[in-house]
Amino acid sequence: MDEWIVAHSHVNAETKAEAHLKRQGFEVYLPKIKTTCRHARRIETVVRPLFPRYLFIGFDENSTHWRSICSTIGVSYLLTAGDRPLVAPTWVIEQLRQREDKNGLISGAGEKRLNKGDPIKFTSGPLAEYAGIFEHLNYSNRVAVLLEIMGRRVRIQVPLDAIQGTN
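Just so we're aligned: the sequence shown equals residues 129 to 295 in my numbering.
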């Protein structure tokens, strides 16, 4: 595909929009990532869109009838610049696809791989050079860390890029 345009979907309708667009013959790319979700004392791993409410649609200016995309089930609107669809840089799509694993999910290549109980060290912020214990990573890329303070373990949340594993 030469170019990609971006569609904004209805809330939680990315997969529905993807299916309906594919049924119409469009090439659709919906990057997904596996995340851990905590709800009602339950922790589960779920697959979610990497960019909630956004899909990339293959676009060829000469042959794509892009106006029909706006009336597709699940699609709210197209991102546009004036009366033309906004084109996403091709290199962005290529780099996302290179990070996919064999299941089509964006892999954590380049991300910190930590397991519960792993020792960590803070690399920035007011706790720089302090040590702690990794608890979990939430959906918004914040890390729960246990700190030993005055003989007690205290749980705090910090940005993922503020820590590094010590293993």
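Glycine included, each C-beta is placed from N, C-alpha and C at the ideal position.
Find the nearest neighbour of K244 within the set R227, Q223, I234 and N266, judged by alpha-carbon distance.
-> Position 116 of the sequence shown, counting from 1, holds the residue named residue 244. Closest by alpha carbon: N266.
Sequence-distant residues of the same chain with beta carbon closer than 7 Å to Y205, five excluded per side | Counting from 1 along the sequence shown, the entry for residue 205 is found at position 77. The residues are H136 and C198.
Looking at the structure shown, is S199 part of a helix, part of a strand, or coil, going by DSSP?
-> Here residue 199 refers to the residue found at position 71 when the sequence shown is read from its first residue. Three-state result, S199: helix.
K144 versus G202 - alpha carbon distance | The count along the sequence shown starts at 1 and reaches residue 144 at position 16. The count along the sequence shown starts at 1 and reaches residue 202 at position 74. Whole-angstrom Cα-Cα distance: 6 Å.
Taking the continuous beta strand (DSSP E) assigned at L183, which residues delimit it?
-> Position 55 of the sequence shown, counted from the start, is the residue given in the question as residue 183. From DSSP, the beta strand (DSSP E) with L183 extends over Y182 to F187.
Proximal residues to F187 (C-beta, below 8 Å), its chain only, five neighbours per side dropped | Working through the sequence shown from its first residue, we reach residue 187 at position 59. Same-chain partners within the cutoff: M129, D130, E131, W132, I133, W194, P213 and V215.
Alpha-carbon to alpha-carbon, V271 and P254 = Against the sequence shown, residue 254 aligns to sequence position 126. Against the sequence shown, residue 271 aligns to sequence position 143. C-alpha separation (whole angstroms): 16 Å.
Under the three-state DSSP convention, the category Q285 falls into = The sequence position of residue 285 within the sequence shown is 157, counting from 1. Note: Q285 maps to strand in three-state DSSP.
Taking P217 as the reference, which of L288, F262, F184 and I161 has the closest Cα?
-> On the sequence shown, residue 217 is found 89 positions in, with the first residue counted as 1. Closest by alpha carbon: F184.
If I'm right that H148 touches T200 with Cβ under 8 Å, what's the distance once you round it to whole angstroms?
-> Residue 148 sits at position 20 when you count from the first residue of the sequence shown. Residue 200 sits at position 72 when you count from the first residue of the sequence shown. At roughly 5 Å, the Cβ-Cβ gap stays under 8 Å, so H148 and T200 are in contact.
Quick one: is E172 buried, meaning 16 or more other Cβ sit within 10 Å of its Cβ, or exposed?
-> Taking the first residue of the sequence shown as position 1, residue 172 is located at position 44. So E172 counts as exposed.
Residue range of the alpha helix (DSSP H) that W219 falls in?
-> Taking the sequence shown and counting its residues from 1, one reaches residue 219 at position 91. Element bounds for W219: T218 to Q226.
Cβ pair V156, K150 closer than 8 Å = Locating residue 156 in the sequence shown gives position 28, counting from the first residue. Locating residue 150 in the sequence shown gives position 22, counting from the first residue. With respect to K150, V156 sits close: the two C-beta atoms are nearer than 8 Å.
Can you tell me which of T164, R225 and Q152 puts its alpha carbon nearest to the alpha carbon of T192?
-> Translated into the one-based positions of the sequence shown, residue 192 becomes position 64. In terms of Cα proximity to T192, the closest of T164, R225 and Q152 is Q152.
Nearest candidate by alpha-carbon position, reference A141, set R181, Q292, R169 and H167 = Mapped onto the sequence shown, residue 141 falls at position 13. Of the candidates R181, Q292, R169 and H167, the one whose C-alpha sits nearest the C-alpha of A141 is R181.
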